[in-house]
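Trainee: In my numbering, the protein residues as written are 117 to 437. Where is the CB? At the ideal position from N, CA and C, for every residue including glycine. Since we're looking at a predicted model, the values are computed, not measured.
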Ligand code: SF4
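In structure tokens, the structure reads:
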């Protein structure tokens, strides 16, 4: 049964809450009078992020070589599209670009700490040109520690790939076993470390979870520790990768686009469409040239064959790490 004498009357309620109600009404009126449809900065931000990303990709290689150390373990054909400066077909997405931008910021911060804490030299140029290998690049940092030459590679990534590598508890409370650093990152760092300019004794891989600031760190000797799929150490993996990159550079020099061939996966019969969740191999889902590649045969093709109009696929996000 209602007890009217114990409940505040409508009158009393209004009187008590009048200032708050008036403020809310004023805010609503103000919001209604704003022109929310006018995107003053949105397009400028999208352009700025896209230009920044493109400039990064088009930065000349350290020693003006055809290929970069960061091409390690990437799809042979994808490397060739990049090296030949074939314009990307799949557009960037603003959220992917924002993630890249944030990653760069964190990267610079960690490099600054390496310099101030350990006296590390940053952005150290390396080149294999004198060895007849068309690969160069910049190591994130190099320093000596306990008499050993250490080369550093920093990678910032989203929470899921970080968890896969570093291990921990997922959002559902399940334990995830650590898989360790990715082979492509060990190879990139190993290529810098094996170069005549650095001659590292060990790699120092640093993963940053962009979403919560956690770090995972690994020190890996260049020699003697099995890290590859068949128990290879870093140097063995690096030598094999340099051979593969040389073969890709030779194809490009001969006017050929290499096979659709992804290390650890093999030849790709049907590249899954760009942007499709769960597509395998994932490399194609995040590939800037997927629609162009899917129009070509899987085997080597003459460069002239890529001058065909292709329809852009769905926008692909940044790679998942
Ligand atoms: S779509 Fe796949 S196979 Fe083709 S270039 Fe890109 S990553 Fe390589």
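Under 6 Å Cβ to Cβ from residue 367, same chain only, skipping five residues before and after it: list those, please.
Mentor: Here the question's residue 367 lines up with position 251 in the chain shown. Here the set comprises 374.
Trainee: With respect to 6 Å, is the separation between the Cβ of residue 401 and the closest non-hydrogen atom of ligand 1 below this value?
Mentor: Translated into positions along the chain shown, residue 401 becomes position 285. No, since every heavy atom of ligand 1 falls outside the 6 Å radius drawn around the Cβ of residue 401.
Trainee: When the Cα atoms are used, what is the spatial distance from residue 242 to residue 384?
Mentor: On the chain shown, residue 242 is found 126 positions in, with the first residue counted as 1. On the chain shown, residue 384 is found 268 positions in, with the first residue counted as 1. Approximately 32 Å, taken between the alpha carbons.
Trainee: Which ranges does the beta strand (DSSP E) cover as unbroken runs of at least 3 residues, wholly within the region 253-317, from first to last along the chain?
Mentor: Runs found: 264-273.
Trainee: Can you name, in chain order, every residue of its own chain whose Cβ lies under 7 Å from the Cβ of residue 113, other than the five neighbours on each side?
Mentor: Past the boundaries of the shown model lies residue 113; the chain is included only from 117 to 437, so the question cannot be answered.
Trainee: How many angstroms separate the CA atom of residue 179 from the CA atom of residue 363?
Mentor: Locating residue 179 in the chain shown gives position 63, where the first residue counts as 1. Locating residue 363 in the chain shown gives position 247, where the first residue counts as 1. Those two C-alpha atoms are separated by around 19 Å.
Trainee: By DSSP, does residue 378 sit in helix, in strand, or in coil?
Mentor: One-based indexing of the chain shown puts residue 378 at position 262. Strand at residue 378.
Trainee: Would you call the CB atoms of residue 416 and residue 372 closer than 7 Å?
Mentor: Here the question's residue 416 lines up with position 300 in the chain shown. Here the question's residue 372 lines up with position 256 in the chain shown. Going by C-beta atoms, residue 416 is nearer than 7 Å to residue 372.
Trainee: Grab me the residues of residue 169's own chain with a C-beta within less than 7 Å of its C-beta, minus the 5 sequence neighbours each way, in chain order.
Mentor: Stepping through the chain shown from its first residue, residue 169 is reached at position 53. Counting only Cβ-Cβ distances below 7 Å, and skipping sequence neighbours, we find 208, 213 and 216.
Trainee: Can you find a heavy atom of ligand 1 that lies under 6 Å from the Cβ of residue 206?
Mentor: Taking the first residue of the chain shown as position 1, residue 206 is located at position 90. Outside the cutoff, so no.
Trainee: According to DSSP, is residue 405 part of a helix, a strand, or is it coil?
Mentor: On the chain shown, position 289 is the one that residue 405 refers to. Residue 405: coil per DSSP, three-state reduction.
Trainee: Starting from residue 358 and walking both ways along the alpha helix (DSSP H), at which residues does that stretch end?
Mentor: Counted from its first residue, the chain shown places residue 358 at position 242. Its alpha helix (DSSP H) spans residues 350-369.
Trainee: How about residue 251 and residue 181: are their beta carbons less than 7 Å apart?
Mentor: As a position in the chain shown, residue 251 is number 135, starting the count at 1. As a position in the chain shown, residue 181 is number 65, starting the count at 1. Yes. Within cutoff.
Trainee: Hey, is residue 376 close to ligand 1, as in C-beta under 6 Å from one of its heavy atoms?
Mentor: The residue you call residue 376 lines up with position 260 of the chain shown. Checking every heavy atom of ligand 1 against the Cβ of residue 376, one is found closer than 6 Å.
Trainee: Opposite residue 323 in the DSSP bridges: which residues?
Mentor: Residue mapping note: residue 323 aligns to position 207 of the chain shown, counting from 1. DSSP lists 271 and 332 as partners of residue 323.
Trainee: Of the residues 400, 393 and 360, which one's Cα is nearest the Cα of residue 188?
Mentor: Position 72 of the chain shown, counted from the first residue, corresponds to residue 188. When each option's Cα is compared against that of residue 188, the closest is 360.
Trainee: Based on Cα-Cα distance, which residue from 334, 329 and 339 lies nearest to residue 321?
Mentor: Residue 321 sits at position 205 when you count from the first residue of the chain shown. Out of 334, 329 and 339, 334 has the C-alpha closest to the C-alpha of residue 321.
Trainee: Please report how far the alpha carbon of residue 399 lies from the alpha carbon of residue 414, in whole angstroms.
Mentor: What you label residue 399 is simply residue 283 of the chain shown in a count that begins at 1. What you label residue 414 is simply residue 298 of the chain shown in a count that begins at 1. Cα-Cα distance, rounded: 15 Å.
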